[in-house]
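When we follow the UniProt record's numbering, the leftmost residue of the sequence shown carries the number 14, and every step to the right adds one.
Here is the structure we will look at.
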Amino acid sequence: ERAFSGRELFKTYITGETQVHALRGVDFDIRKGEVLVLLGPSGSGKSTFLNIVGGLDRSTSGTLYYAAENLTAKSDRDLTRFRRQRIGFIFQFYNLIPSLTAEENVRLVTDIASNPMDPAEALHHVGLAERRHHFPAQLSGGEQQRVAVARAIAKRPGVLLCDEPTGALDSSTGIRVLEALEAANRELDTTLLIITHNAGIAAMADRVFHFLDGQIARIETNAERIAPA
Ligand code: ADP
Ligand code: ADP
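Put into structure tokens, the structure is as follows:
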């Protein structure tokens, strides 16, 4: 079952006289439930790719599908609706509201989602059921990021897009965030796309897309994670 497929995606940013070709003809297919890591040097197009796949931005040309939906053909309004229903975002910094508890932060999302899980259940998935009444300042960085993961999965998005999710954490707290993402993948069949420099995350990926100069230069398959036929 297909999650995304992209054909000949180009993205050119124009600022004044300058053009930057951030994506230069990218082709890919991503299966539902897959764990994908995006690797590559700074400026190689990873964030641009993630933003376009997640409907935060549009390609300059090319086509992008999610399952049977042609995202490139959608109006801005329909693309926003698609993003809100189907995509969860995790960034390096957790963006929690400091005056709200963990559960209240998650409830902000579940109150407006069409088929949400209970906030306590979302926090249970990331191992924070006991801390649901804590405020962000009472939680460690890793715990705050797990609240952000709970907030992202609570709307049952189908896809989680993560841009350096452990970038602000030391390796031991980062591992707990990884475990939370892995649990979302395993228990909810959530497709994961993760930009990371963390070798531990790359090792848990089904495939790694290696970006170079706006293209997917190489796709590496993690044989150990693919069940033998
Ligand atoms: P990565 O995530 O791999 O670091 P990016 O997708 O952020 O790469 O950037 C790819 C290229 O596009 C870089 O040259 C970057 O400077 C440029 N770029 C990214 N976003 C913008 C923007 N909003 N406006 C102009 N140029 C941008
Ligand atoms: P919206 O607020 O339009 O409903 P979503 O809730 O679907 O958007 O999720 C996308 C959110 O991610 C947007 O609010 C956008 O402002 C935010 N966002 C985009 N890029 C970044 C970033 N680099 N760091 C933090 N937040 C970001």
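Cβ atoms here follow ideal geometry from the backbone N, Cα and C, with glycine treated the same way.
Since the structure is predicted, the reported quantities are computational estimates derived from the model, not experimental observations.
On the criterion of 16 or more Cβ atoms from any shown chain inside 10 Å, does residue i qualify as buried, or is it exposed?
{"i": "VAL205", "result": "What sits at residue 205 in the sequence shown is Leu, not Val. By the 10 Å Cβ count, LEU205 comes out buried."}
{"i": "ARG231", "result": "exposed"}
{"i": "PHE106", "result": "exposed"}
{"i": "GLU30", "result": "exposed"}
{"i": "ALA35", "result": "buried"}
{"i": "VAL50", "result": "buried"}
{"i": "ASN211", "result": "buried"}
{"i": "LEU173", "result": "buried"}
{"i": "residue 3", "result": "The question about residue 3 has no answer here: the residues shown for the chain are numbered 14 through 242."}
{"i": "GLY81", "result": "Sequence inspection shows Ala at residue 81; the Gly mentioned does not correspond to that position. Classification of ALA81: exposed, given that the 10 Å Cβ count is below 16."}
{"i": "ALA16", "result": "buried"}
Is residue i close to ligand 1? I mean its beta-carbon at under 7 Å from any heavy atom of the ligand.
{"i": "VAL221", "result": "no"}
{"i": "SER55", "result": "yes"}
{"i": "LYS168", "result": "no"}
{"i": "GLN184", "result": "In the sequence on display, residue 184 carries Ser and not Gln. SER184 Cβ: outside cutoff for every heavy atom of ligand 1."}
{"i": "THR28", "result": "yes"}
{"i": "THR25", "result": "no"}
{"i": "SER60", "result": "yes"}
Among the candidates the options, whose CA atom is the shortest distance from the CA of residue i?
{"i": "ASN64", "options": "ALA236, ASP226, ILE208 and GLU134", "result": "ILE208"}
{"i": "SER127", "options": "GLU134, ARG99 and ALA193", "result": "ARG99"}
{"i": "LEU182", "options": "LYS168, GLY154 and LEU174", "result": "GLY154"}
{"i": "PHE104", "options": "ARG90, SER184, HIS223 and ARG159", "result": "ARG159"}
{"i": "ILE110", "options": "GLU82, TYR26 and ALA161", "result": "ALA161"}
Based on the DSSP output, what are the partners of residue i in its beta bridges?
{"i": "ASP124", "result": "The partner list for ASP124 (beta bridge, DSSP) is empty, contrary to what the question assumes."}
{"i": "GLY101", "result": "LEU173"}
{"i": "ASP42", "result": "SER18"}
Between residue i and residue j, how many whole angstroms is the CB-CB distance? I'm expecting something under 8 Å.
{"i": "LEU136", "j": "ILE166", "result": "The Cβ separation is near 10 Å, so there is no contact."}
{"i": "PHE41", "j": "GLY75", "result": "About 11 Å; that fails the 8 Å criterion."}
{"i": "ILE229", "j": "VAL39", "result": "6 Å"}
{"i": "GLY67", "j": "GLY227", "result": "Actually they do not touch by this definition, with Cβ atoms about 18 Å apart."}
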